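Student: In mature numbering (1 follows the signal peptide of the UniProt record, and there is no 0), the protein residues as written are -25 to -1, 1 to 145.
Note that the Cβ used here is the ideal one computed from N, Cα and C, for glycine as well.
A quick note: this is a predicted structure, and the numbers were derived from the prediction, not measured.
Dumping the structure here so I can ask a few things about it.
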Ligand SMILES: [Zn+2]
């Protein structure tokens, strides 16, 4: 619940559906993550999401890795990450952004409304990966791969690709 007192030097907006050159490293730059004191405490500093199942699935799956503790914010912890929604035809299913106070994962209702649960889960897993310092890769089936590269994105075939076997599906 306490607000972080430090400021980030820059905001990193990661748009998962834009064409990007595959990163050579698996991790983003130092400091580009939401991990604080070896854990991520999530809460409602920036608001809340209606996509609680996708949020909870992503949290549980990454937490189960046993590397970074991911748990709800309490009165005695500092919130590191919020989940919120918006609606726009901007071609972005979801994003992770660093902010003073708490970082933010946003889900785009415009697309989420038409997506299946596994598609929403994979998007949430992907954004949580960024919160954990994971960068994009070009590994087939990886939850951190950039899986869609063309517009328009509200396209059944391309969105269906999100449900291909992957990290989450097993
Ligand atoms: Zn991404």
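1. Determine the direct distance from the alpha carbon of residue 114 to that of residue 99, and round the result to whole angstroms.
2. If you follow the alpha helix (DSSP H) that residue 87 is in, where does it begin and where does it stop?
3. In the DSSP assignment, find the beta strand (DSSP E) that holds residue 57 and state where it starts and stops.
4. With DSSP as the reference, label residue 75 as helix, strand or coil.
5. Is residue 8 near ligand 1, going by C-beta to nearest heavy atom under 8 Å?
6. What are the boundary residues of the alpha helix (DSSP H) that residue 53 is part of?
7. Would you tell me roughly how many angstroms separate the C-alpha atoms of residue 15 and residue 82, rounded to the nearest one?
8. What is the DSSP secondary structure of residue -5, counted as helix, strand or coil?
9. Would you list the residues sitting across from residue 14 in a DSSP beta bridge?
10. Report all residues from its chain with a CB closer than 8 Å to the CB of residue 104; omit the five preceding and five following residues, and keep chain order.
Tutor: In terms of the structure at hand:
1. 18 Å
2. 84 to 87
3. 56 to 61
4. coil
5. no
6. Neither: residue 53 is in no alpha helix (DSSP H) and is coded neither H nor E.
7. 19 Å
8. The predicted position of residue -5 is uncertain, since its pLDDT is 35 and thus under 50; a value taken from the coordinates is nonetheless stated next. Note: residue -5 maps to coil in three-state DSSP.
9. 11 and 44
10. 37, 118 and 119
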